[in-house]
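Undergrad:
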Amino acid sequence: MRQIGILFLVFLLGMCMTYAQENLFYGFENTPLKDVIGQLEADTQLSFSFAEDMVNKKTVTVQVDGLTLIELLAVLEAQTGLHFEKIEGQPQVIITPISNPNRICISLLDRETLLPITENQVVVDSTLVLETNPKGFLQFEHTGKSHYLLQVSGYGAVSVQPTENCTAFYLSPVYKQLQEVVVTSYITTGIDRNRDGSITLTQKPLGPIPGQTTPDILQSIQMIPGVSSLDESASGIQIHGGTSDQNLVLFDHIRVFNSGYLYGMFSRFNPYATEKALIYKTGTSAIYGDRVSGVIDITTNDKVAQKVSGGIGIDGLSADGYLKIPMSQKSSLSLFARNAYLDVFEGPTYEAYERKIFNNTGAITDSRGNPLNVNTDDDYTYESSDNDFRFYDLNAKYVYQPSPKDKIAISALMTRNRTQFSFMNDGETKKDSLTTGNGGVSANWTHHTSPTQTEEITAYFSSYDSYYKNEELYENDLEETNIRGNKISDFGLELKSDRMFKNNDQLTFGYQLSNTNLEIDLSATSNVEPENNISLPVNESNFKNVLFGEYTITKASSGIYKLGLRAVHYGSLGNIYLEPRLNLELPISKSTRIRAGLERRNQPISQLIEFNQTELRLDNNIWRLSDDVNFPLLQGNQISAGLLYDKKGWTLDAELFHKRLTGLTTYSQGFNLPQPELSEGKSRILGMDLLIKKRFRNYRFWMGYSFNDVNFTFDAVQEGSFSGNNDITHSFRISNSLQLKGFQLSLGWQYRTGLPVTLIKSYDEETQQVSFGSLNAGRLPDFHRLDASVVYQFGLRESNSLMQLGFSVLNIYDRIVPLSIIHRTSQQNGELILEQVIHRHSLGFTPNLTVRVFF
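Oh and the sequence shown: position 465 is 465 in my numbering, straight run, nothing missing.
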């Protein structure tokens, strides 16, 4: 027994000696590579062969704690971009450069451990899926681009510029991967589908989109089936048949109540400030609430800038610029600005938008198609009118990262839009002016307690104001003034915690509070008939408390089960509401997945069309809080199911959904009655979304189709149900894109069914008395248009700057149709009198030219 013990001790001693001989212990910090080699030669009896000029400027930082020689050489390779080859059977190591003239070579290292990131998935420009080798190296073909964006699993993104030799990149680990992509380049590069069914749109590297030369987030997401706009605008987005006010829009946690300029034709967000957007059509995370339709969560870059960079550009409407400035190694400041220059020059781009917005007359017919001679609008014509438009936006972001585990981000946004419109006829002048602003500030602190636990604290303040003024003058004497003012101030706080368990299950829970103050000023003042003056001020508020939780079960087969719940207390309503969420997606093969979702959501604030009986020509929607009396809480239930197939460049995604909404009113956005009277109703929406995409290297072809059946029921208005005003039965889009060296080309055609319209049954030209047929029994003409764009990007000589030239055309064949027809009426002696007929037309031929420089 004693002999066995001695043998065991000898064995252990031999093991320790062997380990001591084969494993190395060093600490290097910014040590010249030549000194490191000298240390290794002295301790390992190895001889290193190298060229002096090749190692002179190389340094090494690493804590060698029990690494073998081969592992240490791999670390040195990753950090220096040089190849260390140990000659088998000889005490010699040869150092040579790693170079391949037609390929990009990089090494990826963990910033905390300073060790190579080995055998890890990397997605290049959202198209090419690769994996680092056991030494942390990655190589791919150089296609002539000036930079490549790499999404590194567990480490976020890094931008790579081509060099002759291998370059080392140190990346900080992302402690929790919030979204896992299952389809890269879902439609085009930069648009990816996540495992929970949500869509991520990334500004870099967003691929070519027909009709666009700048990456407008709100226009770009309309490429996704099930996301569309009734009026071609960026802000009038409807998701799964819901109206635009039923979408939750966030910008760095700031709530956005008006997301568009120029009657909503393009978004309020500087396209180069927006980093990405997360879009939910269904299966919404329990983190989000207060809206019954989609979610558009827009975020800006929250990485600390390591060098000064920026860009300036100009297009057919505005000039913009941005600047990213490092304040220190741990903090940076980003500034963005955009301003319209239409007071200096009005080009063909603005003229096309101007004609769409202000040319709101057209042929008027009855239900049998007979033309009617309707003498309304005081003989208004587009040619006799005058208008003026201005806008600007500013936003800034400060990022401070004191340690790899902590990050503080402060973001601010300010947007302003002013539209003025007037026309004269026979001594009478009518003037409309609309000014809107939306902005706010947010602060977010993210703390990684451990690789499996993250805490976040977010505070925000959002401000919205809208002031609409209509004046009627006769020979310079003011006769009537109509005012509609709307102000919102909203502040909130969110505490959120994320936990990742050993089996990869994830728990997210937290608390939210917010307080919304809302003011409305509706007034009509007449100097001719002062007895008819109206003043209807409204001041209301809602204090909200929310507890939310979400548990995600992750299967080894990459399937997920996500169960969530929100418990919401609205102070203005005095009740607690539960919002269950269920979302699951399961693979049935390597290329095919099925998913299903179920959700209940509530909305305590909505946009209404109120004050509809004035001469106001422009958009006159106002926000109103629910009071459960005249304006009920909007509630929605949605169920969905879908199938996803992705293989060999082919993608097919199909989804069916059924949505029910209660709490609608006849003043709800998108509901146009010839003679509105406040009443409550409901809606039932059935739909299907289908996407088919094929990728052939740099060429992409995709088709999207959506079917919607939007059905309204308002018993006090009409017996039985009728088509909703936003009922687009069929919507189809087909697009192509090609990336060729520095060129990005795209061509796309879209088609959709005309909207429902209530037709005139009879009209008396002398008395102007009118009667209407069944609600929304008619249809407007179908809409379709062809769009194209080309963007060319090239490097400027003797600098790292890039220039980008772009040209786009919307509606190439200039087909213009009415998108909506609004009848405005009044009651006189019990009879319905037709006062106005307003046509909203589609956009005509619209060219746009952009010039941009990045540095």
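Beta carbons: idealized from backbone N, C-alpha and C, even for Gly.
Model, not experiment: these values are computed from the prediction.
I'd like the span of the beta strand (DSSP E) that includes VAL770, first residue to last.
TA: Counting along the chain, the beta strand (DSSP E) containing VAL770 begins and ends at 770-772.
Undergrad: When the Cα of LEU333 is compared with those of ALA319, ILE408, ILE357, which residue comes out closest?
TA: Closest option to LEU333, Cα to Cα, is ILE408.
Undergrad: Could you pull the DSSP bridge partners for ASP297 from this structure?
TA: Answer by DSSP bridge pairing, in chain order: LEU250, LEU278.
Undergrad: In chain order, what residues of the same chain lie with their CB nearer than 7 Å to the CB of HIS839, ignoring the 5 residues before and after it?
TA: Correct list, in chain order: ASN360, THR361, GLY362, PRO818, ILE821.
Undergrad: Taking only runs that begin and end inside the segment 304-365, name each unbroken alpha helix (DSSP H) of 4 or more residues, in chain order.
TA: The segment 304-365 contains these whole alpha helix (DSSP H) runs: 348-358.
Undergrad: Here's a check: name, in chain order, each residue in its chain whose Cβ is nearer than 8 Å to the Cβ of GLU308, leaving out the five neighbours to either side.
TA: For the record, residue 308 in the displayed sequence is Val; it is not Glu. The answer, listed in chain order, is LEU323, LYS324, ILE325, PRO326.
Undergrad: For GLN607 and PRO134, what's the separation of their Cα atoms in angstroms?
TA: Approximately 57 Å between the Cα atoms of the pair.
Undergrad: Run through DSSP, which three-state label would THR243 get?
TA: Three-state result, THR243: coil.
Undergrad: In the DSSP output, what is ARG593 paired with across the bridge?
TA: BP columns for ARG593 point to PRO587, LEU644.
Undergrad: Could you please give the first and the last residue of the uninterrupted alpha helix (DSSP H) stretch that includes ASP125?
TA: No alpha helix (DSSP H) contains ASP125, which DSSP labels as neither H nor E.
Undergrad: Chain D beta carbons: is any one of them nearer than 9 Å to that of LEU335?
TA: Looking at the structure shown, chain D is missing, and only one protein chain is on hand.
Undergrad: Use the C-beta contact count for PRO208: other C-beta atoms within 10 angstroms, 16 or more gives buried, fewer gives exposed.
TA: Buried, since its Cβ has 16 or more Cβ neighbours within 10 Å.
Undergrad: Just verifying my parser: in three-state terms, what is the DSSP assignment at GLU52?
TA: GLU52: helix per DSSP, three-state reduction.
Undergrad: In terms of DSSP beta bridges, what is VAL791 paired with?
TA: Its beta-bridge partners are GLN744, GLY806.
Undergrad: Opposite TYR460 in the DSSP bridges: which residues?
TA: Partner(s): SER442, GLY492.
Undergrad: Can you give me the C-alpha to C-alpha distance between SER901 and ILE239, rounded to a whole angstrom?
TA: For the chain, the structure presents residues 1 to 855; residue 901 sits outside this window and is missing.
Undergrad: Would you list the one or two residues that DSSP bridges to PRO847?
TA: DSSP lists VAL809 as partners of PRO847.
Undergrad: When we look at the beta-carbon of LEU796 and count the other beta-carbons within 10 Å, is it buried (16 or more) or exposed?
TA: LEU796 should be labelled exposed.
Undergrad: Thinking C-beta only, is THR163 closer than 9 Å to PHE657?
TA: It is not a contact, given that the beta carbons lie outside the stated cut-off.
Undergrad: Please classify GLN638 as buried or exposed, where buried requires at least 16 other C-beta atoms within 10 Å of its C-beta.
TA: With 16 or more Cβ atoms within 10 Å of its Cβ, GLN638 is classed as buried.
Undergrad: Is the separation between the beta-carbon of VAL249 and that of ILE298 shorter than 9 Å?
TA: Yes, the Cβ-Cβ distance between VAL249 and ILE298 is below 9 Å.
Undergrad: Rounded to whole angstroms, what's the CA-CA distance from LEU171 to LYS562? Just pull it up for me.
TA: Cα to Cα, the separation comes out at about 30 Å.
Undergrad: Relative to the alpha-carbon of PHE257, which residue among GLY830, SER706, LEU832, GLY439 has its alpha-carbon at the smallest distance?
TA: The shortest Cα separation from PHE257 among GLY830, SER706, LEU832, GLY439 belongs to GLY439.
Undergrad: Which of helix, strand or coil does DSSP assign to LYS407?
TA: LYS407 falls in the strand class under three-state DSSP.
Undergrad: Counting only runs that start and end within the segment 536-589, where is the beta strand (DSSP E) found for 3 or more residues in a row?
TA: Listed in chain order, they are 560-570, 575-587.
Undergrad: Is it right to say PHE543 is buried, meaning 16 or more other beta carbons lie within 10 angstroms of its own, or is it exposed?
TA: Burial call: exposed.
Undergrad: Using the C-alpha atoms, what's the distance from THR127 back to THR118?
TA: So the two alpha carbons sit approximately 21 Å from each other.
Undergrad: For ALA459, which option in GLY144, ARG255, HIS83, TYR763 has the closest C-alpha, if you only look at C-alpha atoms?
TA: The shortest Cα separation from ALA459 among GLY144, ARG255, HIS83, TYR763 belongs to ARG255.
Undergrad: Rounded to whole angstroms, what is the Cα-Cα separation between THR189 and LEU206?
TA: Their Cα atoms are separated by approximately 5 Å.
Undergrad: Our contact map puts VAL292 next to GLY636 with C-beta atoms below 8 Å; I'd like the distance itself, whole angstroms only.
TA: Indeed they touch by this definition, with Cβ atoms about 3 Å apart.
Undergrad: State the DSSP-derived secondary structure class of ILE87, mapped to helix, strand or coil.
TA: DSSP places ILE87 in coil when its eight states are reduced to three.
Undergrad: Among the candidates GLU479, GLY136, HIS147, whose CA atom is the shortest distance from the CA of VAL124?
TA: Out of GLU479, GLY136, HIS147, HIS147 has the C-alpha closest to the C-alpha of VAL124.
Undergrad: Taking 8 Å as the cut-off, is the C-beta of LYS496 nearer than that to any heavy atom in the ligand MN?
TA: Only the bare structure without any ligand can be found here, which leaves the ligand MN out of the picture.
Undergrad: Can you tell me where the alpha helix (DSSP H) with ILE217 in it begins and where it stops?
TA: ILE217 -> alpha helix (DSSP H) spans 217-220.
Undergrad: Counting Cβ pairs closer than 8 Å, one from the segment 55-62 and one from the segment 142-158, do we hit at least three?
TA: With a cut-off of 8 Å, the segment 142-158 and the segment 55-62 do not count as touching, because too few Cβ pairs lie within range.
Undergrad: What is the residue span of the alpha helix (DSSP H) that GLN161 lies within?
TA: No alpha helix (DSSP H) holds GLN161; DSSP gives it neither H nor E.
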